[in-house]
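Asker: Line by line, the protein sequences give chains A and B.
Taken in order, the first sequence gives residues 1 to 407; the numbers are from the UniProt record's numbering.
Taken in order, the second sequence gives residues 1 to 407; the numbers are from the UniProt record's numbering.
Can you keep this structure in mind? I'll have questions shortly.
There are 2 protein chains.
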Amino acid sequence: MLSWEQVFATRASRMKASEIRELLKLLERPDIISFAGGIPDPALFPKDAFAQAYAEVLSGPDAAAGLQYSVSEGYPPLREWLVGQLAKLAIPCTIDNVFIVSGSQQGLDYLGKLFLSPKDTALVTRPTYLGALQAFNAYEPTYDELNLGGNRTPDAYRATAAQAGGRVKFAYLSADFANPTGETLDRAGREKLLYLAAELDIPVIEDAAYQSLRYEGEAIPPIMALDIARCGDIDASRTIYCGSFSKTLAPGLRVGFIVAAAPIIRKLVLMKQAADLHSSTINQMAIAHVAGGIFDAQVAKIRAVYRERRDAMLDALARHMPEGVRWTHPEGGMFIWITLPAGMNGAALLARAIETEKVAFVPGQAFHADGGGANTLRVSFSCADPATIAEGISRLGRVISLERLAA
Amino acid sequence: MLSWEQVFATRASRMKASEIRELLKLLERPDIISFAGGIPDPALFPKDAFAQAYAEVLSGPDAAAGLQYSVSEGYPPLREWLVGQLAKLAIPCTIDNVFIVSGSQQGLDYLGKLFLSPKDTALVTRPTYLGALQAFNAYEPTYDELNLGGNRTPDAYRATAAQAGGRVKFAYLSADFANPTGETLDRAGREKLLYLAAELDIPVIEDAAYQSLRYEGEAIPPIMALDIARCGDIDASRTIYCGSFSKTLAPGLRVGFIVAAAPIIRKLVLMKQAADLHSSTINQMAIAHVAGGIFDAQVAKIRAVYRERRDAMLDALARHMPEGVRWTHPEGGMFIWITLPAGMNGAALLARAIETEKVAFVPGQAFHADGGGANTLRVSFSCADPATIAEGISRLGRVISLERLAA
Chain A
1 MLSWEQVFAT
11 RASRMKASEI
21 RELLKLLERP
31 DIISFAGGIP
41 DPALFPKDAF
51 AQAYAEVLSG
61 PDAAAGLQYS
71 VSEGYPPLRE
81 WLVGQLAKLA
91 IPCTIDNVFI
101 VSGSQQGLDY
111 LGKLFLSPKD
121 TALVTRPTYL
131 GALQAFNAYE
141 PTYDELNLGG
151 NRTPDAYRAT
161 AAQAGGRVKF
171 AYLSADFANP
181 TGETLDRAGR
191 EKLLYLAAEL
201 DIPVIEDAAY
211 QSLRYEGEAI
221 PPIMALDIAR
231 CGDIDASRTI
241 YCGSFSKTLA
251 PGLRVGFIVA
261 AAPIIRKLVL
271 MKQAADLHSS
281 TINQMAIAHV
291 AGGIFDAQVA
301 KIRAVYRERR
311 DAMLDALARH
321 MPEGVRWTHP
331 EGGMFIWITL
341 PAGMNGAALL
351 ARAIETEKVA
361 FVPGQAFHAD
371 GGGANTLRVS
381 FSCADPATIA
391 EGISRLGRVI
401 SLERLAA
Chain B
1 MLSWEQVFAT
11 RASRMKASEI
21 RELLKLLERP
31 DIISFAGGIP
41 DPALFPKDAF
51 AQAYAEVLSG
61 PDAAAGLQYS
71 VSEGYPPLRE
81 WLVGQLAKLA
91 IPCTIDNVFI
101 VSGSQQGLDY
111 LGKLFLSPKD
121 TALVTRPTYL
131 GALQAFNAYE
141 PTYDELNLGG
151 NRTPDAYRAT
161 AAQAGGRVKF
171 AYLSADFANP
181 TGETLDRAGR
191 EKLLYLAAEL
201 DIPVIEDAAY
211 QSLRYEGEAI
221 PPIMALDIAR
231 CGDIDASRTI
241 YCGSFSKTLA
251 PGLRVGFIVA
261 AAPIIRKLVL
271 MKQAADLHSS
281 TINQMAIAHV
291 AGGIFDAQVA
301 KIRAVYRERR
311 DAMLDALARH
321 MPEGVRWTHP
331 EGGMFIWITL
341 PAGMNGAALL
351 ARAIETEKVA
361 FVPGQAFHAD
371 GGGANTLRVS
381 FSCADPATIA
391 EGISRLGRVI
401 SLERLAA
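The structure is reproduced here in structure tokens:
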């Protein structure tokens with residue numbers, strides 16, 4: 001029998017199972033109240049609109065085209081629609097700046113592939129999106145903390161990267177209602193990031209997966225909009241914007257997009273041609289139909305539902321968390337980030353929480369490139385109604401209180 | 001403005017545009033007879049069956065599941081159906097051996113990612129599938145010729161790889177009606193390959209994209225079937241089998257599959273989780289519906305049409321090719337491989353052919369990892385009716401005859 005280990009690439013040793021994906025299985029046990037997933041509520045999917053979209057594509061003149069191979073760039077009418085949406089966000093562009101990917105997770109994989117050689121450094125926030133770490137890991141980088149609060153100098157970033165054996169290749173972050181913290185980077189922070197990126201001469205990867213899901217306060221311009229306002233032209237911009245239809249319309253079609261300077265899009269198109277040819281033709285057509293028809297109404301509908309759930313969770317946290325526990329107040333998205341008193345351990349708490357109180361969440365350590373964050377938790381409010389949220393958070397409060405007493 | 005070149009990974013320098021993809025644009029000019037594409041005839045797509053499948057999924061109890069995130073392994077009922085099909089090919093397996101990818105091109109990308117570190121060697125036939133070279137190139141390998149005709153020893157392969165700075169990681173080939181040659185490896189060749197792979201202790205990647213499209217002669221067992229017959233168990237097999245629905249049902253859904261020993265499937269699942277989470281849920285359901293309903297009838301239908309076109313092309317080649325030109329006699333698939341007299345150049349011929357005779361094909365050089373094959377051409381018979389094929393090949397004969405006289 002073949003000794004597989006000796007034929008694996010060195011990167012294979014960094015491929016590990018995701019705690020979150022394993023936890024998703026818990027959602028299927030009806031006795032568990034799970035705040036672990038980060039997925040949209042399937043009851044909110046516009047399934048009639050999708051049924052109509054597929055029926056129209058497959059009964060119309062584009063039926064054969066929808067089932068055929070298509071260009072790696074993506075379906076032009078969908079890219080045209082996105083150009084219109086991006087204009088509303090102060091991102092002026094043409095379809096040559098828009099590239100369709102199979103979900104924005106694929107966008108992260110491609111960007112890791114484009115920029116990272118082994119030992120290069122990716123700057124990520126602490127905590128950051130676990131899926132980004134997983135995507136980048138395949139290209140064997142090192143990570144350094146993107147810390148916009150302190151006074152770390154560009155030279156300090158450069159020196160750390162050189163010590164690791166490479167150079168800083170990009171900064172990655174989610175600016176709006178980030179997964180996992182729910183926090184939003186303010187305008188000053190965005191400007192500071194662009195200044196740092198210019199000093200380091202690196203691109204900024206802006207993950208905008210939750211950008212449409214704002215429940216309060218005023219929208220802050222995307223980092224890319226601030227960058228273009230500064231440099232005058234998207235083709236001179238250093239920001240790469242990753243968007244998704246997974247949180248607004250539906251994730252099961254795997255349609256996301258990247259917006260960037262045209263030379264970068266051309267590189268990504270070549271990469272996609274080699275990696276999977278193109279994203280599903282018919283799904284891009286279906287998304288174009290549904291987005292063109294009902295996007296704003298759908299976003300308004302899910303915002304109202306998720307806002308109510310966020311409020312219910314914030315309210316329950318205030319009522320049920322013992323002293324010493326802190327949490328974020330997200331203005332949008334799907335997540336709240338809980339910090340337990342130092343010394344407590346989220347993974348141990350989860351085991352206890354499932355066993356004694358039948359409530360689940362994600363321990364925060366997985367979101368830390370450096371393995372820290374043992375006393376943090378991520379809870380999602382996207383998939384439970386307000387009463388269930390109240391009950392689940394009260395259970396979580398009990399298990400945290402008991403665990404503290406035991407400690 | 002950012003100097004992008006300095007932030008690209010080293011692999012980015014190997015990402016180049018595909019000649020074939022550029023040529024596909026010619027298909028849109030109605031005055032050109034193009035044999036350049038390698039795509040299925042869209043008139044043969046079972047579009048009514050797909051319309052019904054999407055309608056059933058989206059009006060039934062699985063509607064929300066079809067639009068939601070799903071497991072990275074792939075839709076279980078589709079994998080179950082594949083287990084049944086594979087049993088007919090003497091590949092006994094369970095769904096733990098079957099993994100759904102977004103087209104078999106993605107399978108090749110993932111296998112390159114799993115096995116190849118920079119400077120490792122991939123063994124490929126000469127010529128080989130251009131898309132495989134493009135997928136593997138991202139992982140910066142070197143190539144060595146997989147030559148099953150000669151008497152090259154395992155030690156010779158090892159020495160060449162060591163000289164290039166790495167080791168042999170796998171052998172890749174298409175055993176049935178290969179793209180680009182249309183040729184099929186006979187049973188003795190398959191056994192010889194398995195012997196070589198065992199000596200080198202490497203996996204064999206069997207690209208079975210065209211396997212269902214046989215027009216004459218008796219099917220030869222897949223390499224994987226011979227391997228399992230020898231070692232007794234798929235989980236002890238060194239063969240990794242890549243299949244596709246693109247040539248039988250439709251490519252636009254991007255649904256393909258990999259069959260392998262369970263430990264390899266588990267690694268690939270982790271890779272997919274990090275790279276794009278999963279293939280489109282609804283498309284996997286639609287393929288499962290259509291395959292379960294009409295797969296055999298659909299394959300019988302397209303075989304009859306493509307067989308007639310292959311016959312028309314072989315007939316026209318015999319009538320119109322000047323002396324000194326040779327071509328393959330494929331028993332299936334979509335391609336015939338033409339070898340011009342030494343000294344002639346396929347790329348120069350293409351420019352002349354488009355200009356003077358309005359006929360297109362793919363010059364063979366792109367299919368050679370070593371840049372050879374300048375005097376070869378690939379023609380596809382999949383998308384033209386017999387009369388057009390006769391006319392196009394007669395034009396091709398004229399331009400080759402004139403080019404020879406001019407040389």
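Note that CB positions come from ideal geometry on N, CA and C, so glycine has one too.
Here the structure is a predicted model, which means the values were calculated and not measured.
In chain order, what residues of the same chain lie with their CB nearer than 7 Å to the CB of Leu249(B), ignoring the 5 residues before and after it?
Answerer: Position 249 of the second sequence, counting from 1, holds the residue named residue 249(B). Once the five neighbours on either side are set aside, the close Cβ partners of Leu249(B) are Pro46, Ile287, Val290, Ala291, Gln298.
Asker: With 16 as the cutoff for other CB atoms within 10 Å, does His368(B) come out buried or exposed?
Answerer: In the second sequence, the residue the question calls residue 368(B) occupies position 368. So His368(B) ends up on the buried side.
Asker: From Leu86(A) to Cys93(A), what does the alpha carbon distance come to, in whole angstroms?
Answerer: Locating residue 86(A) in the first sequence gives position 86, where the first residue counts as 1. Locating residue 93(A) in the first sequence gives position 93, where the first residue counts as 1. Leu86(A) and Cys93(A): Cα-Cα distance of roughly 8 Å.
Asker: If you drop the 5 nearest sequence neighbours on each side, which residues of the same chain put their C-beta closer than 6 Å to that of Leu185(A)?
Answerer: Stepping through the first sequence from its first residue, residue 185(A) is reached at position 185. The residues are Ala175.
Asker: Opposite Asp48(A) in the DSSP bridges: which residues?
Answerer: The sequence position of residue 48(A) within the first sequence is 48, counting from 1. In DSSP, Asp48(A) forms no bridge with anything.
Asker: Taking C-beta to C-beta, are Val259(A) and Val98(A) nearer than 8 Å?
Answerer: As a working mapping, residue 259(A) is identified with position 259 in the first sequence. As a working mapping, residue 98(A) is identified with position 98 in the first sequence. In contact: Val259(A) and Val98(A) (Cβ atoms closer than 8 Å).
Asker: His329(B): buried (16+ other C-beta within 10 angstroms of its C-beta) or exposed?
Answerer: What you label residue 329(B) is simply residue 329 of the second sequence in a count that begins at 1. The residue is exposed, with fewer than 16 neighbouring Cβ atoms inside 10 Å.
Asker: Provide the residue span of the alpha helix (DSSP H) that contains Thr121(B), from first to last.
Answerer: The residue labelled residue 121(B) in the question sits at position 121 within the second sequence. Note, Thr121(B): premise wrong, no alpha helix (DSSP H); beta strand (DSSP E) at 121-124.
Asker: Helix, strand or coil: how does DSSP classify Lys247(A) here?
Answerer: Reading the first sequence from its first residue, position 247 is the one you call residue 247(A). Coil, per DSSP.
Asker: For the segment 144-170 of chain A, list every residue whose C-beta sits within 9 Å of some C-beta in chain B, in sequence order.
Answerer: Answer in chain order: Arg167, Val168, Lys169, Phe170.
Asker: Can you find at least 3 beta carbon pairs, one from the segment 168-182 of chain B and one from the segment 318-335 of chain B, that sit closer than 8 Å?
Answerer: These segments touch.
Asker: Measuring only the C-alpha atoms, how far is Gly107(B) from Thr153(A)?
Answerer: For the purposes of this step, residue 107(B) is taken as the residue at position 107 of the second sequence. For the purposes of this step, residue 153(A) is taken as the residue at position 153 of the first sequence. Roughly 43 Å separates the two Cα atoms.
Asker: Once DSSP output is grouped into helix, strand and coil, what is the label at Asp233(A)?
Answerer: Looking up residue 233(A) in the first sequence gives position 233. Coil.
Asker: For chain A, find out if any of its Cβ atoms is closer than 8 Å to the Cβ of residue 412(B); answer yes or no.
Answerer: Missing from the structure shown is residue 412(B); chain B here goes from 1 to 407 and no further.
Asker: By the three-class DSSP mapping on this structure, what secondary structure does residue 414(B) have?
Answerer: Look at the range of chain B in this structure, 1 to 407, and you will see that residue 414(B) is not part of it.
Asker: Using 8 Å for Cβ pairs, my map puts Gly243(B) next to Gly103(B). What's the rounded Cβ distance?
Answerer: Position 243 of the second sequence, counted from the first residue, corresponds to residue 243(B). Position 103 of the second sequence, counted from the first residue, corresponds to residue 103(B). Actually they do not touch by this definition, with Cβ atoms about 11 Å apart.
Asker: Show which residues of chain B have a CB atom less than 8 Å away from the CB atom of Asp201(A).
Answerer: In the first sequence, residue 201(A) corresponds to position 201, counting from 1. Within chain B, the residues near Asp201(A) are Leu2, Ser3, Gln6, Val7.
Asker: Helix, strand or coil for Val7(B) per DSSP?
Answerer: Numbered from its first residue, the second sequence carries residue 7(B) at position 7. Of the three classes helix, strand and coil, the one that applies to Val7(B) here is helix, per DSSP.
Asker: For the beta strand (DSSP E) that contains Phe170(A), what are its first and last residues?
Answerer: Against the first sequence, residue 170(A) aligns to sequence position 170. Phe170(A) -> beta strand (DSSP E) spans 168-173.
Asker: Sort out for me which residues DSSP pairs Thr239(A) with in a bridge.
Answerer: Position 239 of the first sequence, counting from 1, holds the residue named residue 239(A). Thr239(A) pairs with Val204(A).
Asker: Output the boundary residues of the alpha helix (DSSP H) element that contains Leu314(B).
Answerer: Numbered from its first residue, the second sequence carries residue 314(B) at position 314. Run containing Leu314(B): 281-320, per the alpha helix (DSSP H) assignment.
Asker: Tell me, please, which residues DSSP counts as bridged to Leu377(A).
Answerer: Stepping through the first sequence from its first residue, residue 377(A) is reached at position 377. According to DSSP, Leu377(A) bridges with Ile338(A), Pro363(A).
Asker: Below 7 Å on C-beta distance, what does Met375(B) contact in chain A?
Answerer: If you number the second sequence from 1, residue 375(B) lands on position 375. The question names Met, but residue 375(B) in the sequence shown is Asn. Within 7 Å Cβ-Cβ: nothing; Asn375(B) doesn't reach chain A, min ~26 Å.
Asker: Is there at least one Cβ from chain B nearer than 8 Å to Thr10(A)'s Cβ?
Answerer: If you number the first sequence from 1, residue 10(A) lands on position 10. At least one chain B Cβ lies under 8 Å of Thr10(A).
Asker: What does the alpha-carbon distance come out to for the pair Tyr139(B) and Gly343(B)?
Answerer: As a working mapping, residue 139(B) is identified with position 139 in the second sequence. As a working mapping, residue 343(B) is identified with position 343 in the second sequence. Computed Cα separation, rounded: 33 Å.
Asker: Report buried or exposed for Glu183(A), applying the criterion of at least 16 other Cβ atoms within 10 angstroms of its Cβ.
Answerer: Locating residue 183(A) in the first sequence gives position 183, where the first residue counts as 1. Buried: at least 16 other Cβ atoms inside 10 Å.
Asker: Quick check: the Cα distance between Lys16(B) and Met271(A), rounded to an integer number of angstroms?
Answerer: By 1-based counting over the second sequence, the position of residue 16(B) is 16. By 1-based counting over the first sequence, the position of residue 271(A) is 271. Going from the Cα of Lys16(B) to the Cα of Met271(A) covers about 9 Å.
Asker: Measure the alpha-carbon distance for Ala387(A) versus Ile33(A) and round it to whole angstroms.
Answerer: Along the first sequence, one-based indexing puts residue 387(A) at 387. Along the first sequence, one-based indexing puts residue 33(A) at 33. For Ala387(A) and Ile33(A), the distance between alpha carbons rounds to 11 Å.
Asker: Out of Gln365(A), Thr356(A), Lys358(A), Glu355(A), state which residue places its alpha-carbon closest to the alpha-carbon of Leu340(A).
Answerer: The sequence position of residue 340(A) within the first sequence is 340, counting from 1. Nearest C-alpha to Leu340(A): Gln365(A).
Asker: If you count every other CB in all the chains shown that lies within 10 Å of the CB of Ser3(B), and 16 or more means buried, which is it?
Answerer: Position 3 of the second sequence holds residue 3(B). Label assigned to Ser3(B): exposed.
Asker: Note down, in chain order, every chain B residue with its Cβ under 8 Å from the Cβ of Ala369(A).
Answerer: As a first step, residue 369(A) is located in the first sequence; it is residue number 369 there, counting from the start. What Ala369(A) touches in chain B: nothing, since even the nearest Cβ is about 14 Å away.
Asker: Under three-state DSSP, which class holds Val71(A)?
Answerer: Counting from 1 along the first sequence, the entry for residue 71(A) is found at position 71. The answer is coil: DSSP assigns Val71(A) none of H, G, I, E or B.
Asker: Under 8 Å, with one C-beta from each stretch per pair, do the segment 126-146 of chain A and the segment 161-172 of chain A reach the 3-pair mark?
Answerer: Counting Cβ pairs under 8 Å, three or more are found: they touch.
Asker: What are the residues in the segment 88-109 of chain A lying within 7 Å of chain B by C-beta distance?
Answerer: So the list reads Ser102, Gly103, Gln105, Gln106, Asp109, given in the order they occur along the chain.
Asker: What does Pro42(A) touch in chain B if you count any residue whose Cβ is under 8 Å from its own?
Answerer: Translated into the one-based positions of the first sequence, residue 42(A) becomes position 42. Neighbours of Pro42(A) on chain B, chain order: Ala64, Ala65, Leu67, Gln68.
Asker: What does Thr281(B) reach in chain A if we use C-beta pairs closer than 7 Å?
Answerer: If you number the second sequence from 1, residue 281(B) lands on position 281. By Cβ distance, chain A contributes Gly252.
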